[in-house]
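Count the sequence shown with the numbering used here and you get residues 15 to 217, in order. A virtual CB, placed ideally from N, CA and C, is assigned to each residue, including glycine. See structure below.
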Amino acid sequence: MASPYNVRVFGDPVLRKVAEEITNIDGKLVQLADEMLETMYAEPGLGLAAPQVGIQRRFFVYDIGEGPQALINPVIHESAGEWVYEEGCLSVPGLYWEIVRPKEIHISGYDLSGNEVSIEADELLARLFQHELDHLDGVLLLDRLDPDTRKQAMKTVRELFIDGDPLAAQAAARAAAQERSQERTKDRGKTRPSKSAGGLTLP
Ligand code: ZN
Numbered sequence: 015m016a017s018p019y020n021v022r023v024f025g026d027p028v029l030r031k032v033a034e035e036i037t038n039i040d041g042k043l044v045q046l047a048d049e050m051l052e053t054m055y056a057e058p059g060l061g062l063a064a065p066q067v068g069i070q071r072r073f074f075v076y077d078i079g080e081g082p083q084a085l086i087n088p089v090i091h092e093s094a095g096e097w098v099y100e101e102g103c104l105s106v107p108g109l110y111w112e113i114v115r116p117k118e119i120h121i122s123g124y125d126l127s128g129n130e131v132s133i134e135a136d137e138l139l140a141r142l143f144q145h146e147l148d149h150l151d152g153v154l155l156l157d158r159l160d161p162d163t164r165k166q167a168m169k170t171v172r173e174l175f176i177d178g179d180p181l182a183a184q185a186a187a188r189a190a191a192q193e194r195s196q197e198r199t200k201d202r203g204k205t206r207p208s209k210s211a212g213g214l215t216l217p
């Protein structure tokens, strides 16, 4: 399936830049959100930040199974607890690491209608928000690893995406991810307890 954007992978300098605030929510941004969602579903991924498609704006889209959403100029106000989760990234495709991050967060931002939103998130959704917000600050999941693991991870990533053929690595990872996603869908309801709405608060 052709998607509107190619997801930028490790080594692309845009992934290391701090994105700028969005000052105007207009039709262009809504269209960008649609195209980013299409790209995200095609990969497949649960979230996609604007810098991952080469756009340096503070904005990301996501869907953890409750429908497509977008968050503009997100800010994390509070975080609590600790949660270990095997995290992956479309910009470092095919690789996963166990990463410790806060378990619960309070995040706010704006939706595509310009309404302010305030969300109390935990576990997967909280993880996703932290990961995507990192992208807006030029931070990759590799930066969240402990120094020894990071050293090894950087070596692997450099070999794959810098010395190797990034497009081939990305294509292989995409195929594996699609398989993984199909399996996850198959297993859903069988092994995973049903999740509550997760305290989604919209004012
Ligand atoms: Zn990512």
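Alpha-carbon spacing of residue i relative to residue j, whole angstroms
{"i": "residue 67", "j": "residue 129", "result": "24 Å"}
{"i": "residue 78", "j": "residue 54", "result": "11 Å"}
{"i": "residue 133", "j": "residue 140", "result": "9 Å"}
{"i": "residue 174", "j": "residue 37", "result": "37 Å"}
{"i": "residue 179", "j": "residue 122", "result": "39 Å"}
{"i": "residue 147", "j": "residue 49", "result": "19 Å"}
{"i": "residue 83", "j": "residue 52", "result": "12 Å"}
{"i": "residue 23", "j": "residue 195", "result": "20 Å"}
{"i": "residue 188", "j": "residue 57", "result": "6 Å"}
{"i": "residue 136", "j": "residue 142", "result": "10 Å"}
Where residue i falls, given that 16 or more other Cβ within 10 Å makes a residue buried
{"i": "residue 62", "result": "buried"}
{"i": "residue 127", "result": "exposed"}
{"i": "residue 211", "result": "Only weak support exists for where residue 211 lies, its pLDDT of 38 falling under 50; the coordinates are left without a value."}
{"i": "residue 110", "result": "exposed"}
{"i": "residue 32", "result": "exposed"}
{"i": "residue 45", "result": "exposed"}
{"i": "residue 172", "result": "exposed"}
Contact test: residue i Cβ vs the ligand FMN heavy atom, cutoff 7 Å
{"i": "residue 122", "result": "The model on display carries the ligand ZN but not the ligand FMN."}
Notebook entry, point to check: Below 8 Å, can you find three or more Cβ-Cβ pairs linking the stretch 73 to 89 to the stretch 34 to 49?
Noted result: By the C-beta criterion, the stretch 73 to 89 is judged to be in contact with the stretch 34 to 49, since at least 3 inter-stretch pairs fall below 8 Å.
Notebook entry, point to check: Are three or more beta carbon pairs between the stretch 89 to 104 and the stretch 163 to 179 nearer than 8 Å?
Noted result: For the pair of segments examined, the stretch 89 to 104 was found not to touch the stretch 163 to 179: the number of CB pairs separated by less than 8 Å stays below three.
Next item on the list: Output the residue ranges of the beta strand (DSSP E) runs that lie fully inside the stretch 111 to 176 and measure 3 residues or longer, sorted by chain position.
Entry: Those beta strand (DSSP E) runs which fall completely within the stretch 111 to 176 and span 3+ residues are 118 to 124 and 130 to 136.
Next item on the list: Give, in chain order, every unbroken run of the alpha helix (DSSP H) that is at least 4 residues long and sits entirely within the stretch 46 to 118.
Entry: The stretch 46 to 118 contains no whole alpha helix (DSSP H) run of 4 or more residues.
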